[in-house]
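Student: Residue numbers (the numbering used here): -16 to 90. We treat Cβ as the ideally placed atom computed from N, Cα and C, and that holds for glycine. Since the model is a prediction, treat every value here as computed from it, not as a measurement.
What follows is the structure in structure tokens.
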């Protein structure tokens, strides 16, 4: 069964069609996609997950455990090796243990 796509217009005036109820404008998402930095190699959902959790720098990322980051809504297991590498390239690692309990974060 095929879902019908509906025309949508974002706050910036971009016109696009979507069949899901996802409010993200693909044109805005592409414009906001980082071209450098540690988030550049991540998927859009993974980027939004980190930004939504207030993780915008490698130093902030290094204070979190892998389990905490993986528990973020939108973060998939394919992103963890990429994040491990960018941390290692900067001489950092994920925290061994989270100081606060891990809870699923939905955005």
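(1) With a CB to CB cut of under 6 Å and the five nearest residues on each side skipped, what residues in its chain are close to residue 9?
(2) Across which residues does DSSP place residue -10 in a beta bridge pair?
(3) Which residue's Cα is closest to the Cα of residue 62: 12, 5, 21?
(4) Determine the burial state of residue 13: buried for a count of at least 16 other Cβ atoms within 10 Å of its Cβ, exposed for fewer.
(5) Exposed or buried, what is residue 80 when buried is set at 16 or more other beta-carbons lying within 10 Å of its beta-carbon?
(6) Under a Cβ-count criterion, where at least 16 other Cβ atoms within 10 Å of its own Cβ denotes burial, should residue 38 be classed as buried or exposed?
(7) Taking DSSP's pairing of strands, which residues face residue 78 in a bridge?
Tutor: Taking the coordinates as given:
(1) -1
(2) 0
(3) 21
(4) exposed
(5) exposed
(6) buried
(7) 48
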